[in-house]
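Heads up, the thing below is written out as structure tokens.
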Amino acid sequence: MQLEVIGVGGAGCRIADAIRAAEPADHSFLTDVFVFDTDAATLRRTVVPESHRHRYGQGTGIGADDDLERRFETGETHAEELLEALNQGTPGEADAFLVTVGLGGATGGGTAPALVAALQRQYDAPVYVLATLPADREFDPDADAGDTGPHSRTTAAAGSDEPPRPNAASNAVATLERLEGLASAIVCFDNEAWLRPGETMSDARDRCNRELAGRVAAVFAGGGASDGPVAQNVIDASDVERILGNESAIVALGYGDQDVETSSSRFGLGLLSTDRDVETSEAVSAVETVVRKGIHGKLTLECDPETAARGLLVVGGPPTWLNRQAIAEGRRALQSTVGGTGVLGGDAPRPDDETVFAAVVLAGVEPGRLEELRAAADRTA
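In the UniProt record's numbering, the protein residues as written are 1 to 381.
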């Protein structure tokens with residue numbers, strides 16, 4: 001499928017950058033990547049071509065610490081302007097749009113709802129939102145950096161020079177409420193769950209964005225490259241749309257991978273390397289391992305996979321390692337976990353890779369983290 005990525009605000013622009021960098025060289029899935037912000041310095045720090053960067057809101061007196069309600073008004077005012085900026089690319093060729101945004105701030109969160117609504121009016125394609133949820137330390141200076149529980153407050157080392165964002169939780173909740181009924185689906189990444197002990201947001205930012213971007217690429221890049229092996233079961237735009245839905249479902253992404261040997265020496269001396277024959281048992285074991293990691297490993301948003309309404313499994317890697325029976329079993333494992341028949345699966349041949357991977361989409365999940373943010377927002381109201 002062909003995906004148009006639009007980063008809004010500082011965090012959204014950085015995530016869009018990371019997705020652009022994660023696009024496989026031999027398998028393009030991006031029509032364009034655009035970045036929008038009120039701050040020119042943020043736009044200059046991206047690697048997106050200048051023609052695809054757009055600054056808006058000049059002369060309005062908007063500051064970085066403005067309240068979210070004013071930012072919502074700014075988004076409404078400039079939504080059509082941002083649509084016009086997209087005409088520097090080819091938005092009409094996109095099968096879907098992905099608006100990336102950080103929900104703790106005001107710029108992206110304030111603009112995203114109006115932009116999503118405008119995209120829905122203008123184009124006959126789903127508009128998904130990829131949103132990062134703020135970590136506790138971003139809005140709670142008393143968060144304990146020593147706790148390592150399931151929602152551990154390990155977000156920043158003492159003495160962090162990052163400015164506090166006391167409204168981050170309330171901003172996230174208010175923006176999610178605005179996106180309800182507008183976004184086709186909302187893919188969430190919880191900063192709180194991904195930060196390591198003693199790590200600041202600035203320390204973790206690039207690592208987390210790469211992790212998130214890799215999962216996005218694994219899901220949306222679909223089947224094999226146009227000049228290479230074709231997938232046995234291709235995941236296309238309609239499959240993704242069927243699983244993500246069009247009713248603002250909350251979505252979590254899972255991922256698992258394993259390095260594999262793809263070549264061998266004919267004489268055992270490292271000479272005359274050839275494609276390695278793969279034992280069926282090896283291929284089955286690799287696929288089973290990555291599928292298990294994808295379903296039960298670390299998700300972008302912590303939740304019980306059994307709460308998901310629908311699921312999608314993409315297994316990729318060197319074609320000789322993609323055992324069809326094991327992939328079918330993996331799909332059945334996901335179906336058993338989710339419960340019901342709303343599960344699709346496919347393969348993604350990657351001849352030049354040396355890794356077998358499984359990307360898992362869990363749509364319509366019921367995460368406890370959102371309730372935590374609502375409680376935090378109530379405390380600061």
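Backbone N, C-alpha and C define an ideal beta-carbon position, used for all residues, glycine too.
Just so you know, these numbers come straight off a predicted model, no measurement behind them.
Should A96 be labelled buried (16 or more other beta-carbon atoms within 10 Å of its own) or exposed?
-> buried
Nonlocal neighbours in the same chain, by C-beta distance under 6 Å from V187, ignoring five residues either side = L130, V251
Residue 432 in three-state terms, based on DSSP = The shown model of the chain, from 1 to 381, leaves out residue 432, and the question about it has no answer.
CA-to-CA distance, A193 to A377, given in whole angstroms | 18 Å
In whole angstroms, what is the alpha-carbon distance linking Y128 and V291?
-> 25 Å
Just mark D124 as buried or exposed, buried being the case when its beta carbon has 16 or more other beta carbons within 10 Å.
-> exposed
What three-state label does DSSP hand Q58 in the structure shown?
-> coil
Buried versus exposed call for P166 [16 or more other C-beta atoms within 10 Å across all chains shown] | Answer is exposed; the Cβ neighbour count stays below 16.
Tell me, which residues are paired with I345 by DSSP?
-> The question names Ile, but residue 345 in the sequence shown is Gly. DSSP, once it has assigned bridges, lists L313 as partnering G345.
When we look at the beta-carbon of G368 and count the other beta-carbons within 10 Å, is it buried (16 or more) or exposed?
-> Counting the other Cβ atoms within 10 Å of the Cβ of G368 gives fewer than 16, which makes it exposed.
Name, in chain order, the residues that DSSP records as bridge partners for D37.
-> R55
Whole angstroms is fine: what's the gap from G297's alpha carbon to I243's?
-> 20 Å
Host alpha helix (DSSP H) of S248 (start-end) | Per DSSP, S248 belongs to no alpha helix (DSSP H) and is neither H nor E.
Mark R44 as exposed unless 16 or more other C-beta atoms lie within 10 angstroms of its C-beta, in which case mark it buried.
-> exposed
Would you mind reading off the limits of the beta strand (DSSP E) that contains E4?
-> 3-8
If you drop the 5 nearest sequence neighbours on each side, which residues of the same chain put their C-beta closer than 7 Å to that of D259?
-> Around D259: E354, T355.
Can you round the beta-carbon distance between T100 and N191 to whole angstroms, since I take them to be within the 8 Å contact cut?
-> The pair is not a contact, with the Cβ atoms about 14 Å apart (cut-off 8 Å).
Who are the near neighbours of V338 in its chain, counting only those whose CB is closer than 8 Å to its CB and skipping five residues on each side?
-> P305, E306, A308, A309, R310, G311, L362
For the beta strand (DSSP E) that I186 lies in, which residues bound it at each end?
-> Run containing I186: 185-190, per the beta strand (DSSP E) assignment.
Using the rule of at least 16 other Cβ atoms within 10 Å of the residue's Cβ for burial, across every protein chain shown, is N209 buried or exposed?
-> If you draw a 10 Å sphere on the C-beta of N209, you find 16 or more other C-beta atoms in it, and that means buried.
Collapsed DSSP secondary structure at A358 in the structure displayed = In this structure, DSSP gives A358 an extended state, which the three-state scheme calls strand.
The stretch 103-120 in contact with the stretch 6-15 per 3-pair CB rule at 8 Å | Look at the beta carbons and you see the stretch 103-120 touching the stretch 6-15: at least three pairs across the two are nearer than 8 Å.
Give the secondary structure of F139 by DSSP, where H, G and I count as helix, E and B as strand, and everything else as coil.
-> helix
Delimiting residues of the alpha helix (DSSP H) encompassing A204 | Per DSSP, A204 is one residue of the alpha helix (DSSP H) stretching across 201-220.
Could you check which residue in E177, L322, A40, L3 has the C-alpha nearest to that of L68?
-> E177
Report buried or exposed for S248, applying the criterion of at least 16 other Cβ atoms within 10 angstroms of its Cβ.
-> buried
Can you check whether the CB of F34 is closer than 9 Å to the CB of E81?
-> no
Hey, quick one: how far does the alpha helix (DSSP H) through T77 stretch, first residue to last?
-> 68-86
Considering only the beta carbon of each residue, do R121 and M201 sit closer than 9 Å?
-> no
Do G340 and L313 have their C-beta atoms within less than 9 Å of each other?
-> no
Just the C-alpha distance for V360 and L370, rounded to the nearest angstrom, thanks.
-> 21 Å
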